[in-house]
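Peer 1: Below: one structure in structure tokens.
There are 2 protein chains.
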Amino acid sequence: MKSANHIPHIVIIGAGFAGLYAARSLAHAKVRITLVDRRNHHTFQPLLYQVATAALSPGEIAYPIRHIFRNDENVSVLLAAATGFDLQNHKVLLDSGELPYDYLVVAAGSTHAYFGNPDWATYAPGLKTVEDATEIRRRMLLAFEIAERRARLNQEHSPINFVVVGGGPTGVELAGALSEIAQHVLASDFRSIDPRSTRVILIEAGPRILPAFPAELSISAVRQLQKLGVEVMTGKTVTGIDGAHVELGDQRLAASVVLWAAGVSASPLGTQLGAGTDRAGRVHVQPDLTLPGHPEVFVVGDLASILQEGGKPVPGLAPAAIQMGKYAASTILRDLDGESRKPFHYFDKGNLATIGRSSAIADVRGFKMSGLLAWFTWLFVHVLFLIGFRNRVQVMWEWFWAYVTFQRGARLITGQSRSIVPLVAGEVHEQDMMDDDVKSRKAG
Amino acid sequence: MKSANHIPHIVIIGAGFAGLYAARSLAHAKVRITLVDRRNHHTFQPLLYQVATAALSPGEIAYPIRHIFRNDENVSVLLAAATGFDLQNHKVLLDSGELPYDYLVVAAGSTHAYFGNPDWATYAPGLKTVEDATEIRRRMLLAFEIAERRARLNQEHSPINFVVVGGGPTGVELAGALSEIAQHVLASDFRSIDPRSTRVILIEAGPRILPAFPAELSISAVRQLQKLGVEVMTGKTVTGIDGAHVELGDQRLAASVVLWAAGVSASPLGTQLGAGTDRAGRVHVQPDLTLPGHPEVFVVGDLASILQEGGKPVPGLAPAAIQMGKYAASTILRDLDGESRKPFHYFDKGNLATIGRSSAIADVRGFKMSGLLAWFTWLFVHVLFLIGFRNRVQVMWEWFWAYVTFQRGARLITGQSRSIVPLVAGEVHEQDMMDDDVKSRKAG
Numbered sequence: 001m002k003s004a005n006h007i008p009h010i011v012i013i014g015a016g017f018a019g020l021y022a023a024r025s026l027a028h029a030k031v032r033i034t035l036v037d038r039r040n041h042h043t044f045q046p047l048l049y050q051v052a053t054a055a056l057s058p059g060e061i062a063y064p065i066r067h068i069f070r071n072d073e074n075v076s077v078l079l080a081a082a083t084g085f086d087l088q089n090h091k092v093l094l095d096s097g098e099l100p101y102d103y104l105v106v107a108a109g110s111t112h113a114y115f116g117n118p119d120w121a122t123y124a125p126g127l128k129t130v131e132d133a134t135e136i137r138r139r140m141l142l143a144f145e146i147a148e149r150r151a152r153l154n155q156e157h158s159p160i161n162f163v164v165v166g167g168g169p170t171g172v173e174l175a176g177a178l179s180e181i182a183q184h185v186l187a188s189d190f191r192s193i194d195p196r197s198t199r200v201i202l203i204e205a206g207p208r209i210l211p212a213f214p215a216e217l218s219i220s221a222v223r224q225l226q227k228l229g230v231e232v233m234t235g236k237t238v239t240g241i242d243g244a245h246v247e248l249g250d251q252r253l254a255a256s257v258v259l260w261a262a263g264v265s266a267s268p269l270g271t272q273l274g275a276g277t278d279r280a281g282r283v284h285v286q287p288d289l290t291l292p293g294h295p296e297v298f299v300v301g302d303l304a305s306i307l308q309e310g311g312k313p314v315p316g317l318a319p320a321a322i323q324m325g326k327y328a329a330s331t332i333l334r335d336l337d338g339e340s341r342k343p344f345h346y347f348d349k350g351n352l353a354t355i356g357r358s359s360a361i362a363d364v365r366g367f368k369m370s371g372l373l374a375w376f377t378w379l380f381v382h383v384l385f386l387i388g389f390r391n392r393v394q395v396m397w398e399w400f401w402a403y404v405t406f407q408r409g410a411r412l413i414t415g416q417s418r419s420i421v422p423l424v425a426g427e428v429h430e431q432d433m434m435d436d437d438v439k440s441r442k443a444g
Numbered sequence: 001m002k003s004a005n006h007i008p009h010i011v012i013i014g015a016g017f018a019g020l021y022a023a024r025s026l027a028h029a030k031v032r033i034t035l036v037d038r039r040n041h042h043t044f045q046p047l048l049y050q051v052a053t054a055a056l057s058p059g060e061i062a063y064p065i066r067h068i069f070r071n072d073e074n075v076s077v078l079l080a081a082a083t084g085f086d087l088q089n090h091k092v093l094l095d096s097g098e099l100p101y102d103y104l105v106v107a108a109g110s111t112h113a114y115f116g117n118p119d120w121a122t123y124a125p126g127l128k129t130v131e132d133a134t135e136i137r138r139r140m141l142l143a144f145e146i147a148e149r150r151a152r153l154n155q156e157h158s159p160i161n162f163v164v165v166g167g168g169p170t171g172v173e174l175a176g177a178l179s180e181i182a183q184h185v186l187a188s189d190f191r192s193i194d195p196r197s198t199r200v201i202l203i204e205a206g207p208r209i210l211p212a213f214p215a216e217l218s219i220s221a222v223r224q225l226q227k228l229g230v231e232v233m234t235g236k237t238v239t240g241i242d243g244a245h246v247e248l249g250d251q252r253l254a255a256s257v258v259l260w261a262a263g264v265s266a267s268p269l270g271t272q273l274g275a276g277t278d279r280a281g282r283v284h285v286q287p288d289l290t291l292p293g294h295p296e297v298f299v300v301g302d303l304a305s306i307l308q309e310g311g312k313p314v315p316g317l318a319p320a321a322i323q324m325g326k327y328a329a330s331t332i333l334r335d336l337d338g339e340s341r342k343p344f345h346y347f348d349k350g351n352l353a354t355i356g357r358s359s360a361i362a363d364v365r366g367f368k369m370s371g372l373l374a375w376f377t378w379l380f381v382h383v384l385f386l387i388g389f390r391n392r393v394q395v396m397w398e399w400f401w402a403y404v405t406f407q408r409g410a411r412l413i414t415g416q417s418r419s420i421v422p423l424v425a426g427e428v429h430e431q432d433m434m435d436d437d438v439k440s441r442k443a444g
């Protein structure tokens, strides 16, 4: 038995949307909270593609976690990686120690899934972290630079092809933004190549892109993408990826840069909770989002597998994660007040996907929109949910400026990729070149 | 003999201040210009320390080179590394080909110098590139995170010591900004440690810091630094650096993070020009900044060694580099117009060094200032020279916001350092931890 003046300690693993909102909802209660994450920042993932495509800087969509909670004395933020659980003794195992808890909220999220082809990760980065985004940005910008140099120095005119694998919201956003960059942003920046001749190809294995939307909106999205210059291929399964090609059965596409937006799987931490998982690695939870036999352990966000009314799974979207995080927090508070639990109920606010400049689709409780109106809805919702006032003003300004001028300011090629794989076929040394500065410095 | 309608081709190596201003000054003339750089962006180096100390984002001080010249049809930008010269045949050798020139402007700049101790580079990064700045930011923020975690999980209270080696303008800026972060910015963000107990130590081998300034301003700078909480040690030579210590002869300082601001040497490209170099590797040039026997080859910026009137060397500062770049451009244009050459004359506009919030020193043609007035002068000059309107507005906004709120928004720990050296003594796995996301993605 805990003593009467024991202040309950709640450990939250992961500061994505689910974990962050759980912590926020608990911050004003008489509890102690420890929020653990492997990164020092919360990443506003819905806008990550804007960093990958050079419209926003990392600092505009990533925010230091401990700064978010600086005024909440009962919230303690810990930079550490959870490695496992001792559920019997109410302890989380960390790489650097262990943490006892009264309640545990596991919100470890998801990562890319390459469907049994781990080697594709090298050639086709996905988009989950700030580092992913800057790596994609680097490859994309470097493809233009290399083509320009070849044209200038060797009179070789090698076409630039961007291939995006996966026709979900992230793939559509990336494809639309890449086309916009090639058609408008970079159009007048090069002398020996014409960026407007760049091909952007979006590949979807299923019969239509954006399958979570009504069919008519998928059709509208294809039309909007084509207007932006994107080639959409559906019903094509990727069977191979190397440094210069994407294979679709016996079809072979040349690819300067390949981006992966085709699948996610839940954090491997989920399998350590002892409950069953679905085929994407998500943990089967009770109607109150807890582990069977462990009412003190909540699993929320992308890591949780639960059905909504009607039998469809709750989708892996930010609004669902936020609702689950808030639900776990309020259920803990009801417990502490001696009230009974209610099951989690997912409120479907609608579905939004942006395609490009003034292009989007929206399905808000049966009300379907596409084009400019959908785009403004998307803009409004995303700016509204950005964490922190400073970022909101700045991001609005960036967007306004980019919209008016067609320019993207954050076009930096940075980083020191140590990959030995040629970024663009035949250009083995490109990546090394970017390291020269660092190397010569290290060499003395 | 060139034909009468031959348009002269000017190759510029390096898009730092000297190369950039040479290109800008030539952009409206009847010449063709090829600007070659290993990076795709110009870095506004005077504000790089603000990225290193999390006040600004990389995108705010680095600007895509080809975007700067997007409207100058006669300027072609090439991402490539110069590897040598064929002066006889008027060709620059690149890693990826070669470029013929009629005039050559070599503005390859400088890099860190560790005075024969190349292994120190791993423990004590310097500040020349955007990657350097984000690496310093990462180490600095990680030091606080590690201390917090140790205090929380292991009840260990390990002091945080930042050691900055080198009392020139960069060392002083870094020390001042680090102290400000510890004393103000992070003060309320941690629960288990008090960032205000952080020590910031500035080490200078010479008898006084900022030796390029009059002695009375050096004294004022020390006083302003001490007011910010920085400990200043002069007359101390660093004899050893490892992952946890800095050695000063028989004195051994514990150091969580060591930063190197003690010396630069010219780009190794300088030695390939065949002319003599001084002990910092800078090329001895003629009064018109050209190589002896090669009036068509200019060496400008940090790579050039030349004396000003009075016998003092022209300093390695942005204004000197800008003046040299403009001079090379105008001399080329005089040549083409059949006019005779005039020697380069350095116009000393004065010397500015910022120390921290409202703290700076300035020596403008004998008029000495320190404190708030000097700081406003510094602010005005630096915002004025920022390339590109968008950045200027944004940086002003960032500064205003940081000034009013004492906050720094760009506090991201990013990057995947593969260093096997412990960042902070005894924490060998820290850096690896940050890679987990990437690793698990690549593995699965």
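Chains as they are written, first to last, in the working numbering: chain P, 1 to 444; chain W, 1 to 444.
Backbone N, C-alpha and C fix where the C-beta goes; we use that ideal spot for every residue, glycine too.
This structure is a prediction, so every number in the text was calculated from the model and none was measured.
Helix, strand or coil, according to DSSP, for glutamate 231 (chain W) in the structure here?
Peer 2: Strand.
Peer 1: With DSSP as the reference, please indicate the residues paired to threonine 42 (chain W) in a beta bridge.
Peer 2: Sequence inspection shows histidine at residue 42 (chain W); the threonine mentioned does not correspond to that position. Answer is W:Tyr63, bridged to histidine 42 (chain W).
Peer 1: Helix, strand or coil for valine 165 (chain W) per DSSP?
Peer 2: Of the three classes helix, strand and coil, the one that applies to valine 165 (chain W) here is strand, per DSSP.
Peer 1: Could you pull out every unbroken beta strand (DSSP E) segment of at least 3 residues lying fully inside the segment 208-263 of chain P, listed in chain order?
Peer 2: Segments of the beta strand (DSSP E) lying fully in the segment 208-263 of chain P: 230-234, 245-248, 251-254 and 257-260.
Peer 1: I need the straight-line Cα distance from serine 417 (chain W) to glutamate 135 (chain W), nearest angstrom please.
Peer 2: With a pLDDT of 41 at serine 417 (chain W), under the threshold of 50, the predicted position of this residue should be treated as unreliable, and no value is reported.
Peer 1: Glutamate 145 (chain P) versus chain W: which residues are under 8 angstroms apart at the beta carbon?
Peer 2: What glutamate 145 (chain P) touches in chain W: Asn40 and Leu79.
Peer 1: Quick check on the DSSP output: the beta strand (DSSP E) that includes serine 76 (chain P) runs from which residue to which?
Peer 2: From DSSP, the beta strand (DSSP E) with serine 76 (chain P) extends over 75-79.
Peer 1: Could you check whether the segment 258-268 of chain W touches the segment 158-171 of chain W, counting it as contact only if at least three pairs of C-beta atoms, one from each stretch, sit closer than 8 angstroms?
Peer 2: The segment 258-268 of chain W vs the segment 158-171 of chain W: in contact.
Peer 1: Listed from N- to C-terminal order along the chain, which residues in the segment 148-163 of chain W have their beta-carbon within a distance smaller than 9 angstroms of any beta-carbon of chain P?
Peer 2: Of all residues in the segment 148-163 of chain W, Glu148, Arg149, Arg150, Arg152, Leu153 and Asn154 have a Cβ within less than 9 angstroms of some Cβ in chain P.
Peer 1: Can you give me the start and stop residues for the beta strand (DSSP E) that aspartate 37 (chain P) sits inside?
Peer 2: 32-37 is the span of the beta strand (DSSP E), which, as asked, contains aspartate 37 (chain P).
Peer 1: Which residues in chain P sit within 7 angstroms of alanine 62 (chain W), going by Cβ to Cβ distance?
Peer 2: Going along chain P in sequence order, the residues near alanine 62 (chain W) (Cβ under 7 angstroms) are Leu412.
Peer 1: Since leucine 25 (chain P) is in the alpha helix (DSSP H), which residue starts that stretch and which ends it?
Peer 2: The residue you asked about is not leucine; residue 25 (chain P) is serine in the sequence shown. Start and end: 17-26.
Peer 1: Taking the beta carbon of glutamate 131 (chain P) as the centre, do at least 16 other beta carbons fall within 10 Å, making it buried, or is it exposed?
Peer 2: Burial call: buried.
Peer 1: Would you report the Cα separation of arginine 66 (chain W) and leucine 79 (chain W), rounded to the nearest angstrom?
Peer 2: Taking the straight line joining both Cα atoms gives about 10 angstroms.
Peer 1: So, for glycine 206 (chain P): in the same chain, excluding its five sequence neighbours on each side, which residues have a beta-carbon less than 8 angstroms away from its beta-carbon?
Peer 2: If we look at glycine 206 (chain P) and ignore the five residues flanking it on each side, its Cβ neighbours are Gly167, Thr234 and Gly235.
Peer 1: Secondary structure at valine 421 (chain P), three-state DSSP: helix, strand or coil?
Peer 2: The predicted position of valine 421 (chain P) is uncertain, since its pLDDT is 31 and thus under 50; a value taken from the coordinates is nonetheless stated next. Coil, per DSSP.
Peer 1: What do you reckon, are the CB atoms on valine 300 (chain P) and alanine 23 (chain P) nearer than 8 angstroms?
Peer 2: Not in contact: valine 300 (chain P) and alanine 23 (chain P) (Cβ atoms no closer than 8 angstroms).
Peer 1: State the start and end residues of the unbroken alpha helix (DSSP H) segment that holds asparagine 351 (chain P).
Peer 2: Counting along the chain, asparagine 351 (chain P) falls outside any alpha helix (DSSP H), though it belongs to the beta strand (DSSP E) covering 351-356.
Peer 1: Report yes or no: do three or more beta-carbon pairs, one from the segment 119-129 of chain P and one from the segment 323-338 of chain P, lie closer than 8 angstroms?
Peer 2: Verdict: no, contact absent.
Peer 1: Report the neighbours of glycine 451 (chain W) on chain P: residues whose CB is nearer than 7 angstroms to its CB, in chain order.
Peer 2: Nothing about residue 451 (chain W) can be reported from this structure: the residues present for chain W run from 1 to 444 only.
Peer 1: State the beta-bridge partners of valine 105 (chain W) as determined by DSSP.
Peer 2: W:Ile12 and W:Phe298, per the DSSP bridge assignment.
Peer 1: When you compare each of W:Ser96, W:Tyr101 and W:Gly97 to threonine 34 (chain W) by their alpha carbons, which one comes out closest?
Peer 2: It is W:Tyr101 whose Cα lies nearest to the Cα of threonine 34 (chain W).
Peer 1: For phenylalanine 190 (chain W) and chain P, any beta-carbon pair shorter than 8 angstroms?
Peer 2: So, interface residue.
Peer 1: From this set, W:Arg279, W:Ser370, W:Thr43 and W:His284, which residue's C-alpha is nearest serine 218 (chain W)'s C-alpha?
Peer 2: Considering only alpha carbons, the answer is W:Ser370.
Peer 1: Going straight from the alpha carbon of serine 76 (chain W) to that of arginine 191 (chain P), what length do you get?
Peer 2: Their backbone Cα atoms lie some 6 angstroms apart in a straight line.
Peer 1: For serine 110 (chain W) versus serine 267 (chain W), is the C-beta distance shorter than 8 angstroms?
Peer 2: Going by C-beta atoms, serine 110 (chain W) is nearer than 8 angstroms to serine 267 (chain W).
Peer 1: Flag this pair as yes or no: are the beta carbons of serine 220 (chain P) and phenylalanine 162 (chain P) separated by less than 8 angstroms?
Peer 2: No, Cβ-Cβ distance for serine 220 (chain P) and phenylalanine 162 (chain P) is not below 8 angstroms.
Peer 1: Relative to chain W, which residues along the segment 354-388 of chain P have a C-beta separation below 7 angstroms, given in chain order?
Peer 2: Residues: none.
Peer 1: Under a CB-based cut-off of 8 angstroms, is proline 343 (chain P) close to chain W?
Peer 2: Chain W, which has no Cβ nearer than 8 angstroms to the Cβ of proline 343 (chain P), makes this no.
Peer 1: Report the start-end ranges of each alpha helix (DSSP H) in the segment 105-164 of chain P that is 4 residues or longer and not cut off at the edges.
Peer 2: Segments of the alpha helix (DSSP H) lying fully in the segment 105-164 of chain P: 120-123 and 130-154.
Peer 1: Whose C-alpha, out of P:Glu231, P:Lys349, P:Arg150 and P:Ala318, is nearest the C-alpha of arginine 365 (chain P)?
Peer 2: Closest by alpha carbon: P:Lys349.
Peer 1: Would you kindly work out how many angstroms separate the C-alpha atoms of arginine 137 (chain P) and serine 179 (chain W), rounded to a whole number?
Peer 2: Roughly 34 angstroms between the two C-alpha positions.
Peer 1: I need the boundaries of the beta strand (DSSP E) containing isoleucine 361 (chain W), first residue and last residue.
Peer 2: Looking at the DSSP string, the run of the beta strand (DSSP E) that includes isoleucine 361 (chain W) is 359-364.
Peer 1: At which residues does the beta strand (DSSP E) containing alanine 54 (chain P) begin and terminate?
Peer 2: Counting along the chain, alanine 54 (chain P) falls outside any beta strand (DSSP E), and DSSP gives it neither H nor E.
Peer 1: Looking at valine 105 (chain P) and isoleucine 12 (chain P), is the spacing between their C-beta atoms short of 8 angstroms?
Peer 2: In this structure, valine 105 (chain P) lies closer than 8 angstroms to isoleucine 12 (chain P) by Cβ.
Peer 1: Enumerate in chain order the residues of its own chain whose CB-to-CB distance from leucine 248 (chain P) is below 8 angstroms, with the five nearest sequence positions on each side excluded.
Peer 2: Ile203, Met233, Lys236, Thr237, Val238 and Thr239, listed in sequence order.
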